[in-house]
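What follows is a set of notes on a single structure, which appears directly below.
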Amino acid sequence: MTEGTGPQNARRPSVRQRRRARMLAFQTLHEVDLSGHQPAEVVQRLNAELGPHPHVYAYALDLVGGVVRHRPEIDALIMRYAPAWPIEQMSTVDRNLLRLGIFETLFNSSRIPVGVAVNEAVELAKRYGSEGSSRLVNGVLGSIVAHERVEPEGESA
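Below, the structure is given as structure tokens:
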């Protein structure tokens, strides 16, 4: 059987579906940041336009909801670990890639390994950001992981 098939994986999105969900979540967060539209409305509209697999939509909703819930904490971390780039002056692409990456790294790491979350954020930065976006995202997320992430008991590096 391949990944994402079989009864044990009936409710878990595949790697490809999670990647598509991150793209949908990023597009939603970016639009919300630029326009002030409601996140749930944006993700629902984009979902209807793109018609992804239900797992993609469900995970995108989880990501968007998590970023929205934790945004004050996430933005404080961006300001702390990217002091040369005031958050309000940062590009909306970079700001929202960081928000998504920080959420997955710190608040969703029981579902997604930290290294995967960082790599996925860097890949999104290469795809959607400017020439320096991937370095910024990698540097900020790397610093946050090194200084903010608390290993659950029984885990060690």
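For the sequence shown, counting from 1, position 139 maps to 138 in numbering that gives the first Met the number 0; every step adds exactly one.
For every residue, glycine included, the Cβ atom is placed at its ideal position computed from N, Cα and C.
Beta-carbon spacing of residue i, residue j below 7 Å
| i | j | result |
| --- | --- | --- |
| isoleucine 143 | leucine 76 | yes |
| alanine 124 | serine 132 | yes |
| valine 63 | valine 42 | yes |
| glycine 138 | aspartate 93 | no |
| histidine 69 | phenylalanine 106 | yes |
Opening and closing residue of the alpha helix (DSSP H) in which residue i lies
| i | result |
| --- | --- |
| glutamine 26 | 14–34 |
| arginine 44 | 38–49 |
Nearest-angstrom beta carbon gap, residue j and residue i [assumed within contact, 8 Å]
| i | j | result |
| --- | --- | --- |
| leucine 140 | threonine 104 | 6 Å |
| glutamine 26 | leucine 45 | 6 Å |
| asparagine 95 | leucine 28 | 4 Å |
| phenylalanine 165 | valine 55 | The structure shown has nothing for residue 165, since the chain only spans 0 to 156. |
| proline 12 | alanine 24 | Contact doesn't hold; Cβ gap of about 12 Å is too wide. |
> Could you give the uninterrupted runs of the alpha helix (DSSP H) lying entirely in the region 56–131, keeping only those of 4 residues or more?
Replying inline: 91–101, 113–127
>> Check whether the region 106–116 and the region 76–87 are in contact - that is, three or more C-beta pairs closer than 8 Å.
In response: no
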